[in-house]
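Numbering (my numbering), first residue to last: 61 to 630.
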């Protein structure tokens, strides 16, 4: 093959790869929905600690808030699925959203440099977890413009290659992974190999062959109040709590559109505690909350009981109490966030197709939660009937309580029919705040007039079976009594009950006939439209106590009440 042909093939492949890359990666799907209510408040954990979650919830979901954020550091030597799934499940119940920042392992005074080959193991582990919400927030390591965070020396090109490999494989595994590059130290000088200026570092990343930023969904920002982590809450610029604004402007100059901002590290070091508390109040109220570009703010750090970050801890040293900033932020008004969760599940029911009017029913509905949310009445979940034919009936169900993912539950479902006759078609759904989240399928039904019941009864050893003290009880297949009629009149062994309520046509019921001092009799009957006929076996006058059964006590009662002997004669 001559050099010209090789050149043409090479050019063709380059153009082909360019278009593949362009259409696959330069048009990312909107991964963050700004239209959903969002609680921006959060906090940063150095290590996952289950015991800290209740107090964290009280901090960031207080005063009207719900679904705040926690940034969690996940080290490669801590990839324990059971442990992390338990953390996620507890956060799910507490309505806390995880932001996972990846980390390698310490090697002396520095962190091991991650490699491209590490991606598969990380991706498989992260994908094995059942995440709390649809967006799987992942930050690719920490401040790589510090040499000690990247194996001892800054290397922007190497970081870009590693981040690109991780991003691509995460997105290939599941597009719900929401990728953020590592937050950078905006105050770092340009002093290789130990440090690199953030702007220089970002420009090098953008100048790589295929920019990693085309795979990124959000901006992780370390907007600290510098210098010395002690700057004013009113300062502006790259070294202030508004550092993310400078980062967005820089990225915009470099051709990158505005990204949703996650301030995953910020905060003041120890000083005048009341001033620090006021600083946080000012920062949230006047800077972060009003800025629609900011999605979450997770100040560093909730609890750190030693060096080098003891002076940033919100929790007091060797104490269960917190510094004033905890209470200052806790009392700030918050928003009830409603993050998107994957709703998936199964609804199983076996409702009869033929009901009767003016009747009440109790049915059983089985639920299986296969999604991410916890189904609970307190979170707006309930079983509902929807459709144009709801005029035929009223309904309500027992409350849903803490149906966690992969758990099954049974719910009592009550239906009351109106006096309307006709066919209906409705759907049984699981709803959340009135909106359908799981479709249980269609229920076709028809309402009919109330049926009648004629029965034959005879009293041993009477020649003429009669009385006005008969009682009829009807039990469904769950052995629940659905109808009780007392004072039924029987003449010449015949009794009638008109307009029998609460029965489903085509379903089998147990019918029990009672009369004082006689043993009860029962018959199974499948109700049909119109008039239903049944015959009971002869009733025996042997229940003298009366308790519905024959035992030694009946004999004793007979001798104490000799007038009952008349029951034994015709």
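Note that beta-carbon positions come from the ideal geometry of N, C-alpha and C, so glycine has one too. Remember, predicted model here, so these are calculated numbers, not experimental data.
Please identify the residue among 510, 234, 292 whose C-alpha is closest to the C-alpha of residue 332.
292
I'd like to know if the stretch 230-244 and the stretch 288-302 are in contact, where contact means that at least 3 CB-CB pairs between them fall below 8 Å.
no
Can you name, in chain order, every residue of its own chain whose Cβ lies under 6 Å from the Cβ of residue 398, other than the five neighbours on each side?
96, 97
What is the rounded straight-line gap between the Cα of residue 351 and the Cα of residue 540?
Residue 351 and residue 540 have their alpha carbons spaced roughly 59 Å apart.
Using the C-alpha atoms, what's the distance from residue 286 back to residue 327?
10 Å
With contact counted as at least three CB pairs below 8 Å, one residue from each stretch, are the stretch 521-531 and the stretch 560-578 in contact?
yes
Find the nearest neighbour of residue 380 within the set 389, 388, 362, judged by alpha-carbon distance.
362
Residue 451 and residue 511: beta carbons closer than 9 Å?
no
Using the C-alpha atoms, what's the distance from residue 506 back to residue 537?
21 Å
Helix, strand or coil for residue 352, going by three-state DSSP, please let me know.
coil
Might you give, ordered along the chain, the residues of its own chain that have their beta carbon closer than 6 Å to the beta carbon of residue 423, omitting 5 neighbours on each side?
411, 473
Between residue 154 and the rest of its own chain, which residues show a CB-CB distance below 8 Å, the 5 nearest in sequence each way excluded?
113, 114, 116, 117, 121
To the nearest angstrom, report how far apart residue 252 and residue 337 are at their CA atoms.
Their Cα atoms are separated by approximately 37 Å.
Report all residues from its chain with a CB closer than 8 Å to the CB of residue 263; omit the five preceding and five following residues, and keep chain order.
314
At what residue ranges does the stretch 315-367 contain a whole run of the beta strand (DSSP E), taking only runs of 3 or more?
321-325, 354-357
So what's residue 530 in DSSP terms, helix, strand or just coil?
strand
If we count the other Cβ atoms within 10 Å of its Cβ and call it buried at 16 or more, is residue 123 buried or exposed?
exposed
Is there contact here, the stretch 435-450 with the stretch 474-486, by at least three beta-carbon pairs under 8 Å?
yes
Could you tell me the alpha carbon to alpha carbon distance between residue 234 and residue 592, rounded to whole angstroms?
60 Å
Since residue 499 sits in a beta bridge, which residues does DSSP pair it with?
489
Can you give me the C-alpha to C-alpha distance between residue 126 and residue 396, rounded to a whole angstrom?
Residue 396 has its alpha-carbon roughly 4 Å from the corresponding atom of residue 126.
Measuring alpha carbon to alpha carbon, tell me which of 128, 266, 301 ends up nearest residue 312.
266
Below 9 Å between beta carbons: does that hold for residue 631 and residue 407?
No statement about residue 631 is possible, as the shown extent of the chain runs from 61 to 630 and does not include it.
Just to confirm the assignment, what range does the beta strand (DSSP E) spanning residue 441 have?
Going by DSSP, residue 441 is part of the beta strand (DSSP E) stretching over 441-446.
Using beta-carbon positions only, say whether residue 499 and residue 463 come within less than 9 Å of one another.
no
Identify which residue in 137, 156, 108, 134 has its Cα closest to the Cα of residue 119.
156
If contacts are defined as beta-carbon pairs under 8 Å, then residue 584 and residue 570 qualify, I think. What distance do you get, rounded to the angstrom?
6 Å
According to the neighbour-count rule (16 or more other Cβ atoms, all chains shown, within 10 Å of its Cβ), is residue 629 buried or exposed?
exposed
Excluding sequence positions up to five away, which residues of its chain have a Cβ less than 6 Å from the Cβ of residue 76?
Only weak support exists for where residue 76 lies, its pLDDT of 36 falling under 50; the coordinates are left without a value.
For residue 515, count the other beta carbons within 10 Å of its own beta carbon; 16 or more makes it buried, fewer makes it exposed. Which is it?
buried
Roughly how many whole angstroms lie between the Cα atoms of residue 475 and residue 229?
Straight-line spacing of the CA atoms in residue 475 and residue 229 works out to 50 Å.
On a Cα-Cα basis, can you pick out the residue from 136, 426, 468, 368 that is closest to residue 488?
426
With DSSP as the reference, label residue 593 as helix, strand or coil.
strand
Go ahead and label residue 389 buried or exposed: buried means 16 or more other beta carbons lie within 10 angstroms of its beta carbon, across all protein chains shown.
buried
Return the first residue and the last residue of the beta strand (DSSP E) that residue 116 is part of.
Counting along the chain, residue 116 falls outside any beta strand (DSSP E), though it belongs to the alpha helix (DSSP H) covering 113-120.
Taking Cβ to Cβ, would you say residue 453 is nearer than 9 Å to residue 478?
Taking 9 Å as the cut-off, the beta carbon of residue 453 is found closer than this to the beta carbon of residue 478.
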